Amino acid sequence: MSGISRDDVAHLAGLARISIPEDQLDHYAGQLDAILDAVAQISQANTEDVPAMSHPIPMTNVFREDVPSPSLGQADALAGAPAVEDARFRVPRILDQE
Amino acid sequence: MTEPTMKYSEAIEKFDPVMGLEVHVELGTKTKMFCGCSTEFGAEPNTQVCPVCLGLPGALPAVNHIGVESAIRIGLALNCEIATWCRFARKNYFYPDMPKNFQTSQYDEPIAFNGYLDVDIETEEGTKTFRVEIERAHMEEDTGKNTHLGGATGRIHGADYSLVDYNRAGIPLIEIVTKPIVGTGKYAPEVAKAYVSALREILRSLDVSDVKMEQGSMRCDVNLSLRPTPESPLGTRSETKNVNSLRSVERSVRYEVTRHAARLTAGQTVVQETRHWHEDTGVTTAGRPKSDADDYRYFPEPDLMPIAPSREWVEELRATLPENPAVRRTRLMTSWNLSELEMTNLMNAGVLELVEAAVNAGMSPDSARKWYTGELARVANERGVEVEEVGVGHDVLARIEALIADGGLNDKLARQVLEGVMAGEGSVDEVIAGRGLAVVSDDGPLLEAIDAALAADPEVAAKIASGKLQAAGAVVGAVMKATRGQADAARVRELLFEKLGVSE
Amino acid sequence: MTELIRMNASDLVDAMNSGDVSSVEITQAHLDRIAAVDADVHAFLHVDAAGALSAAAEVDAKRSSGESQSVLAGVPLGLKDILATKGLPTTCGSKILENWIPPYDATVVSRLRQAGIPILGKTNMDEFAMGSSTEHSAFGPTHNPWDLERIPGGSGGGSSACLAAFEAPLAIGTDTGGSIRQPAAVTGTVGVKPTYGGVSRYGAVALASSLDQIGPCARTVLDTALLHSVIAGYDPMDSTSINAAVPAVVEAARRGDVQGMKIGIVREIGGEGFQAGVQARFDESVALLENLGAEIVEVSCPNFPLALAAYYLILPSECSSNLAKFDGIRFGLRVGDDGSKSVEQVMSETRAAGFGDEVIRRIILGTYALSAGYYDAYYGQAQKVRTMIAQDFTRAFEEVDVLISPTAPTTAFKIGEKLDDPMAMYLNDVATIPVNLAGLPGMSLPIGLADEDNLPVGLQIMAPAMADDRLYNVGAAIERELLAKWGAPLLSKAPELAGA
Chain A
358 MSGISRDDVA HLAGLARISI PEDQLDHYAG QLDAILDAVA QISQANTEDV
408 PAMSHPIPMT NVFREDVPSP SLGQADALAG APAVEDARFR VPRILDQE
Chain B
5 MTEPTMKYSE AIEKFDPVMG LEVHVELGTK TKMFCGCSTE FGAEPNTQVC
55 PVCLGLPGAL PAVNHIGVES AIRIGLALNC EIATWCRFAR KNYFYPDMPK
105 NFQTSQYDEP IAFNGYLDVD IETEEGTKTF RVEIERAHME EDTGKNTHLG
155 GATGRIHGAD YSLVDYNRAG IPLIEIVTKP IVGTGKYAPE VAKAYVSALR
205 EILRSLDVSD VKMEQGSMRC DVNLSLRPTP ESPLGTRSET KNVNSLRSVE
255 RSVRYEVTRH AARLTAGQTV VQETRHWHED TGVTTAGRPK SDADDYRYFP
305 EPDLMPIAPS REWVEELRAT LPENPAVRRT RLMTSWNLSE LEMTNLMNAG
355 VLELVEAAVN AGMSPDSARK WYTGELARVA NERGVEVEEV GVGHDVLARI
405 EALIADGGLN DKLARQVLEG VMAGEGSVDE VIAGRGLAVV SDDGPLLEAI
455 DAALAADPEV AAKIASGKLQ AAGAVVGAVM KATRGQADAA RVRELLFEKL
505 GVSE
Chain C
152 MTELIRMNAS DLVDAMNSGD VSSVEITQAH LDRIAAVDAD VHAFLHVDAA
202 GALSAAAEVD AKRSSGESQS VLAGVPLGLK DILATKGLPT TCGSKILENW
252 IPPYDATVVS RLRQAGIPIL GKTNMDEFAM GSSTEHSAFG PTHNPWDLER
302 IPGGSGGGSS ACLAAFEAPL AIGTDTGGSI RQPAAVTGTV GVKPTYGGVS
352 RYGAVALASS LDQIGPCART VLDTALLHSV IAGYDPMDST SINAAVPAVV
402 EAARRGDVQG MKIGIVREIG GEGFQAGVQA RFDESVALLE NLGAEIVEVS
452 CPNFPLALAA YYLILPSECS SNLAKFDGIR FGLRVGDDGS KSVEQVMSET
502 RAAGFGDEVI RRIILGTYAL SAGYYDAYYG QAQKVRTMIA QDFTRAFEEV
552 DVLISPTAPT TAFKIGEKLD DPMAMYLNDV ATIPVNLAGL PGMSLPIGLA
602 DEDNLPVGLQ IMAPAMADDR LYNVGAAIER ELLAKWGAPL LSKAPELAGA
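Rendered as structure tokens:
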């Protein structure tokens, strides 16, 4: 089941928007392979009829009333921004459209 | 760059269309889906944001109660099953208008599913009802808004940079997805339009959204594929966005059918892609290649607890649903004994609710119709406002009708009374007293006026007496004038004939 | 009077209440201590002297005017740098947030401020809480006060080191797989991971949302309980927060009575991989508990051996999504924006430059585990194993009141020793991970030094959901016995730090 190649790492890095340099792809692939080998034992568990647990506490229907609460304020909202123009976050050109 | 197309009639003869319609509805809640920021329009950029909808580290979502309630009500109105247990899910992808670079949505556990909407379309064989099956309705959140700058057209291609405003990020959306719509044949465009129109009406009647397509509070994506026959497997589909009106829905379906058909007939394949509809030129242009392999890596949202609507809550909400608009129309038409045309006129004048309220208060459907589509519609038109804004309640009309019925007013006087009420002079009776508009009920003044009229025209009495009863009209007219319209014309005529010893 | 920095929080409170000392004096004493030793220990990433002294002064003013204050008012604290503090840098130990100053306070931080607890500064941690040694901090490791060449544990090494170095009597950490408990064990301090949902996560930068909890750290069980009671409780801003009364942890910490309790030892934790000296101290604790009147039972939790695998599938998956927001758009580092590159490129370069190796490793692993085609086998399967582990606990707690185990397999290892082998590093968490998966509370408290290296050993106590008070009850009982046996707290045996 395991077996991450450098191409896999490159593809995953693309999905995760992290530009890993060519010369490090093998390094990551090797380490990830080792980790996957170790966690692969998970497949041995007999989980037939076992429900998946997405939340450790059994609560449901946690809601907030539709009542406005104070916003941050424009200054605070933009305070940490790397680039601002016209009270908006300035970002480089977007390739992948709509 | 336009693609070749063929005539619609030719295209539809060769191929069987299959559609899928995805509608996103912006809910009109006061706050966003996962935080308490205001949803009001027109605010300065980035003033309606908080750590949650800005995607700041450490922030956590909290679900809007009314968002969930609206989703359930929409599901019920669309005849869906409501989930007994469902979760939110994260849809992971990167884009600058996405504060968290994942959208909190629902994946394989939508809150509502397996519903339908019946729509009527006009065919050559008359009105036909078509059932559009609904796959699901689920909750999600809207993104921020990108403005692209520096490029030639202001659209994204060739833009040097973009500016992002997150005020709209987190606005509650309900996505409604149909199952593949099959069996429409050549009526595909009409069915699509009728579906979106009917859906819009339902959403409006639920009061969950202002559903203005031109403003984006209701967005429609049209998916279309063609196949040689209804028995063939599904063809490759295209998805068309930027369909901002009912007209666009119909036209874009029609166009895509012809575009797909032209390609397939020429031996080419249809590219699975997202296309952009242009209402001005009536064509779609290619956008991003649509990949079913867009790996969104969905998993259940760990920061939000599952939603398990109790059946009691669902029934409580079902009880708050308004009647289905189409069903209601038919019921009222029958109950009020109207023809289809009369009903259509009522609908077009936008006065259905007003008439219904008047009838419920005791007015006859005919009188209510008369006033709302007649005098009040005229005044509204003149002033450039909606009929309900004219400010004449059905209680006013009911009083006027009652007075007309027992002779206290006639139609002409009634209009003057109405004028007075609209001018704020008071109630119906106050206006009548104030302006002295009551129909003269005492015979005395009427006889005096009749004498005066006869005296002014000596020959007319003889004419009437000799049997030329039409001549009485002139006398009645003169009396009406003399009494400033406040005589009961019928009574005047009666008295005149009595006086002259003539019977009708 | 004992040197201020050597006093426990509860003793400091008594001293303030009797007018012997002011909060400003106490806070200043700790700031002086930080200035003296932190160059060697490196527990703190940022010290806020002005803010801490100002908060202390306010407490003193309120005390003189007789206004009632919280139970820990005036006692200073170190805060793990993963919690948002308005106006103070919050780096999560990462370059990508090196200069981020949050515009808001985490709920826990608000509660600390309202309680009049001066915040001395932000403590060091493994980057984004990923690690067991604090070596993955982008700003240099923290050094264990017991031996400066050794790790203080992780990811919250800064918080427990500052306690062990007497730089603060209280600290706050976060625990996803042992990040409070394991550092507590290897530094000879106390740390608690509350029941999941017991403390608000609003404002704590998320690592694995379904596993993370914020928790109290101190040098004694009572101090830890007092801090627990200040920070715990329902928060509407956190939809996973439990709307119920906080367990009576302080009362339990004052009680410390295990007579008649049933205490379970988990058969599957221990054995190979566990250092002899660690096992020896653990065995002694078991005997100690028996002498105090508890009944010791061996229980089997047969799915526990799968816990590590499940954890290292669930955590990377959730973190790969949680860390997507670090993209150089709204806050934090932005790299490569020279006007010619696309936003996709700038995002990618920013993240490559801003994230360390371990973070990148886990993001890639998580992206893989969630990918189409792999979800069922990896993430999906792990979530099912998680249920099975929770069921193991449920069955065990039908037989016993609490479970115990050694907290960590070894004592503090040397800095650099396990850096090249991620799996070796992950094995540090083998005993602590199960409670995170099940959402249950866990504590580590010091039970002595290992013979081979004279380094601290910790005992882990685990309890059912919302039974956090049982941890404090059992912990207090052990602590009292050991204090009597040693004559002085364990930390008094720690070497004097040069420069002190």
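Residue numbers (my numbering), protein chains in the order written: chain A, 358 to 455; chain B, 5 to 508; chain C, 152 to 651.
Don't be surprised by glycine CBs; every beta carbon is placed ideally from N, CA and C.
Treat the numbers as computed from the prediction; the structure is a model and nothing was measured.
Inter-residue Cα distance where the pair is residue i and residue j
i	j	result
PRO365(B)	HIS398(B)	Note that residue 365(B) is Ala in the sequence shown here, rather than Pro. Answer to the nearest angstrom: the Cα atoms are 8 Å apart.
LEU228(B)	GLU260(B)	7 Å
ALA406(B)	ASP446(B)	19 Å
GLY490(C)	ILE375(A)	19 Å
LEU80(B)	SER209(B)	13 Å
ASP446(C)	GLU176(C)	For the sequence presented, residue 446(C) should be read as Glu rather than Asp. Cα-Cα distance, rounded: 46 Å.
VAL215(B)	PRO303(C)	59 Å
MET426(B)	VAL435(B)	10 Å
ASP225(B)	ARG251(B)	13 Å
PRO425(A)	THR51(B)	13 Å
ASN83(B)	SER371(B)	36 Å
ASP296(B)	ALA523(C)	Unreliable positioning characterises ASP296(B) in this predicted model, as indicated by a pLDDT of 46, which lies under 50. The coordinate reading is nonetheless provided below. If I take the Cα positions, the gap works out to 11 Å.
SER368(B)	GLY395(B)	20 Å
ASP673(C)	ASP326(C)	The structure shown does not extend to residue 673(C), since chain C is modelled only from 152 to 651, so the question has no answer here.
GLN431(A)	VAL366(A)	40 Å
ASP284(B)	GLU277(B)	21 Å
GLY229(C)	ASP406(A)	46 Å
CYS39(B)	GLU179(B)	19 Å
ASP299(B)	ASN248(B)	28 Å
Start-to-end residues for the alpha helix (DSSP H) that takes in residue i
i	result
ASN442(C)	427–442
ALA224(C)	That residue, ALA224(C), is in no alpha helix (DSSP H); it is neither H nor E in DSSP.
CYS470(C)	458–473
MET484(B)	476–486
TYR623(C)	619–637
SER174(C)	174–192
Residue range of the beta strand (DSSP E) that includes residue i
i	result
ASN150(B)	149–153
GLY599(C)	593–600
LYS245(B)	242–247
GLN265(C)	That residue, GLN265(C), is in no beta strand (DSSP E); its alpha helix (DSSP H) goes 258–265.
Min CB distance residue i to chain A below 7 Å
i	result
ALA66(B)	yes
ASP225(B)	no
GLY366(C)	no
VAL497(C)	yes
TYR526(C)	no
SER360(C)	no
Chain C residues whose Cβ lies nearer than 7 Å to that of residue i
i	result
ALA370(A)	ILE515
CB contact check: residue i to chain C, cutoff 7 Å
i	result
LEU380(B)	no
LYS510(B)	Outside the shown range of chain B (5 to 508) lies residue 510(B), about which nothing can therefore be said.
ARG363(A)	no
PRO526(B)	Chain B is shown from 5 up to 508; residue 526(B) falls before or after that span and cannot be answered.
Beta carbon proximity, residue i to chain B, threshold 7 Å
i	result
GLY217(C)	no
ASP423(A)	yes
SER376(A)	no
Beta-carbon neighbours of residue i, restricted to chain A and to distances below 7 Å
i	result
ARG91(B)	SER411
Proximal residues of chain C, C-beta to C-beta of residue i below 9 Å
i	result
GLY62(B)	ILE233, LEU234, ALA235, THR241, PRO253, TYR255, ALA257, ARG352, TYR353, GLY354, ALA355, VAL356 and ALA357
Chain B residues whose Cβ lies nearer than 7 Å to that of residue i
i	result
ARG447(A)	TYR165 and LEU167
GLN426(A)	Per the sequence presented here, residue 426(A) reads as Ser, with Gln not at that position. Residues of chain B passing the Cβ test: GLY40.
Residues that residue i contacts on chain B, provided the C-beta gap is smaller than 8 Å
i	result
LEU429(A)	VAL53, CYS54, PRO55 and LEU58
Proximity test, residue i beta-carbon vs the ligand ZN heavy atom, cut-off 6 Å
i	result
ASN624(C)	The ligand ZN is absent from the structure shown, which contains no ligand whatsoever.
Would you say the segment 36–52 of chain B touches the segment 167–175 of chain B, given that touching needs at least three Cβ pairs under 8 Å?
Taking 8 Å as the limit for Cβ pairs, the verdict is that the segment 167–175 of chain B does touch the segment 36–52 of chain B.
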